[in-house]
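Encoded as C-alpha cells, the structure appears first; notes follow it.
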Amino acid sequence: MIIDNNNFNIGKIKGKAGGCTVYKRLGKTCVRSCPDSRKLTSAGQVAQQHRIASVAILYKAVRAAGLDVCWKAADKPAGWTGYNLFVTKNLPAFAPDGFIGDAGKVRLTVGTGIYLPDEIAIRQAGENTWALSWKNTTCYPGCHAEDRVVLAFMRGGKYFAIKILNEFGIACRKDGCAEFKLPTEWLGYSNVYCFMRSKTGAVSDSKHFLL
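In numbering that gives the first Met the number 0, the protein residues as written are 0 to 210.
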C-alpha cells in the first residue's frame, strides 16, 4: 500500500509495527504486511517440508539426466513451471521422513504427446541381463513404429542418481521386445523406469519396475 504523505504526517516513519513494514520506494512511503515467520511445528507440516525437500533433490537428478525438458514442455496450469508440475506429480511417492515410500509413484517423465505400449513386462534372462517385452495392441494417437524404448535407472535412498541406459533407446516400438544388460557399476540402481521417445523428442509417461 502506498501512503500519500500530504495527507498523513508519517513521511519519516520506517521499520516494523503491528505486523507491517513501513519503507520508502521511489520517494513514496509504502506499507506491506510482514511474512509469517513462525516455525512449522506440527508433524504434518514438518513431514511436508521433508517431502518437498526430497522432491527438489530428485528434480536435480532428473535435470542432470536431461529429463527435465519434458516437464517444461508438458501442459500445465497457467503460471506453472515444469518444476511446479514435477513437485505436484511426485509428492505422493514420498514418505513423511523424506524417503521414497512408493517408487512406483515416482514420475521421471510426463507424457508430451505419445504413449507407452501395452502389457510392458521385464524378466531376468541371465546374469545382470533382463528381457523387456510389450504388445502394440492399442493404436494410440501420435505413436509411431519407430518410437524408441528408453530405460532410466535410479538409485534408491534420499540422495538420488539417475542413469540412462541409452539416450537413443534400446529398441523401437515395432520390435515388441528387447534385451539389455545392466553395467556392473549400476547394480545398486534397482529402480528402472521405462518410457517412449519419438523422433521429434516427445515422450510418454514412465512406468516403474523393480529389478
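Cβ coordinates follow ideal geometry from the N, Cα and C atoms, glycine included. Computed from a predicted model, the values in this text were never measured in an experiment.
Less than 9 Å separates the beta-carbon of Val-191 from that of Phe-152. Contact check for Ala-120 against Lys-104 fails: the beta carbons are separated by 9 Å or more. If you check the CB distance, Cys-171 and Leu-115 do not come in under 9 Å.
Fewer than three Cβ pairs drawn from the segment 134 to 141 and the segment 64 to 83 lie within less than 8 Å of each other, which leaves the two stretches out of contact. For Phe-85, the enclosing alpha helix (DSSP H) covers residues 81 to 89. Between Gln-123 and Leu-209, the alpha-carbon positions lie close to 11 Å from each other. When DSSP states are grouped into helix, strand and coil, Asp-174 belongs to the helix group. Judged by DSSP in its simplified three-state form, Ile-161 adopts strand. Within the same chain, Cβ atoms closer than 6 Å to the Cβ of Ile-161 are found at Ala-60, Ala-64, Ala-151, Met-153, the five residues on either side in sequence being excluded.
Here Leu-209 is bridged, per DSSP, to Asn-190. In this structure, the alpha-carbon of Ile-99 lies about 23 Å from that of Val-149. One thing to note: Ser-205 has its Cβ no nearer than 9 Å to the Cβ of Cys-142. Between the beta-carbon of Phe-167 and that of Trp-129 there is about 19 Å, and that puts the pair past the 8 Å contact cut.
Under the DSSP definition of a beta bridge, Lys-180 partners with Thr-128.
Within the same chain, Trp-133, Lys-134, Asn-135, Thr-136, Thr-137 come within 8 Å of Asp-117 by CB-CB distance, once the 5 residues on both sides are set aside.
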